[in-house]
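Each residue of the sequence shown is one higher than the last, beginning at 513 in this note's numbering. Down below is the structure, laid out as structure tokens.
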Amino acid sequence: MAQYEHLIKDNAWPANRAAGTHDDSHSETVVVIGAHPDDACLGAGGVAAQAANRLRVVFVSASRGERGGDPWIREVEDRVSAELLGVELVQWGLPDGDVGLQQAIELIGETVASLNPIAVVAHWPLDSHQDHRNVAQAAIAACRQVPVLLHFESPSTLDFEPALEVDISDVWPRKFEALVAHESQMTRGRFIEWADPLSLWRAWPRYKGRRCEAFAVNHADWGLLSQVLSGSRALSIPVSNSR
Ligand SMILES: [Zn+2]
């Protein structure tokens with residue numbers, strides 16, 4: 513594990529959150545882990561922005577996304593996006609396309625030990641991208657004692673089985689802006705064309721015209737989960753094959 517210590521130290525909680533928006537007396541922390549710089553925002557940017565009003569929220573980007581563009585530009589975009597959402601950001605700098613399962617297990621384990629989060633939100637294990645799969649599997653292995661472990665969806669997610677749909681309508685404009693901040697990906701990946709209609713579809717049909725994010729539940733202390741989602745309009749849904 514020692515060989516990865518510098519990765520955490522070099523990214524030690526940057527002062528990129530807006531001054532005065534957090535109260536450090538809050539010990540409750542939520543960690544959202546994505547393989548690449550835009551993953552956490554795409555999958556959970558809305559819930560993160562809502563939770564950041566009450567809790568400490570830390571985004572982790574496992575890689576700098578160098579296979580999808582200039583890593584320095586992507587790092588700046590990642591920081592701007594996180595600031596727009598009001599969350600902290602940590603980048604591990606693991607190789608894009610080669611995020612190792614064991615590396616990820618160790619780094620997530622160190623993060624959990626350091627931050628003692630009440631909830632971790634990470635990729636869904638079935639995904640056509642190997643980095644997403646490894647981050648998801650690593651989270652499952654390293655978060656067995658974290659009270660809440662949720663999975664978010666990505667454009668490459670396969671056979672997603674959501675158990676929660678969370679109303680993010682109130683923060684959608686901020687999520688949209690935070691996605692646009694990943695400017696280098698707007699023409700390359702066009703992922704906003706996935707996120708925009710998906711948020712409407714996830715609200716269908718109960719909340720027509722509103723916007724939702726969907727999550728699968730690996731395990732959850734429901735009391736703490738309600739703390740994470742407090743202020744959101746969340747509902748449990750039956751899993752159906754069409755969703
Ligand atoms: Zn990704």
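Idealized CB from N, CA, C, for every residue including glycine. Here the structure is a predicted model, which is why all the values come from computation and not from measurement.
From residue i to residue j, what distance separates their C-alpha atoms?
i      : j      : result
LEU661 : ALA654 : 10 Å
LEU638 : GLN697 : 23 Å
HIS663 : GLN642 : 16 Å
GLU540 : HIS548 : 25 Å
PRO709 : ARG686 : 16 Å
ALA552 : VAL624 : 17 Å
GLN739 : LEU554 : 22 Å
PHE571 : ALA715 : 25 Å
PHE672 : ALA728 : 8 Å
So does residue i have its beta carbon nearer than 7 Å to some heavy atom of ligand 1?
i      : result
HIS548 : yes
HIS663 : no
HIS731 : no
HIS694 : no
Are the CB atoms of residue i and residue j nearer to each other than 8 Å?
i      : j      : result
ASP608 : PHE703 : no
LEU670 : SER640 : yes
ALA648 : HIS635 : yes
LEU627 : VAL543 : yes
PRO674 : ALA707 : no
Using 10 angstroms around the beta-carbon of residue i, count the other beta-carbons present and answer buried if the total reaches 16, otherwise exposed.
i      : result
GLU589 : buried
ARG718 : exposed
ARG645 : buried
GLN657 : exposed
HIS694 : buried
GLY558 : buried
For residue i, tell me which candidate among the options has the shortest Cα-Cα distance.
i      : options                        : result
THR699 : GLY581, SER742, SER573, VAL740 : GLY581
GLU587 : VAL599, SER573, GLY598         : SER573
GLY701 : SER668, GLU595, PHE727, TRP584 : SER668
VAL632 : ILE585, GLU705, ALA563, GLU595 : ALA563
ASP682 : VAL602, GLU622, CYS724         : CYS724
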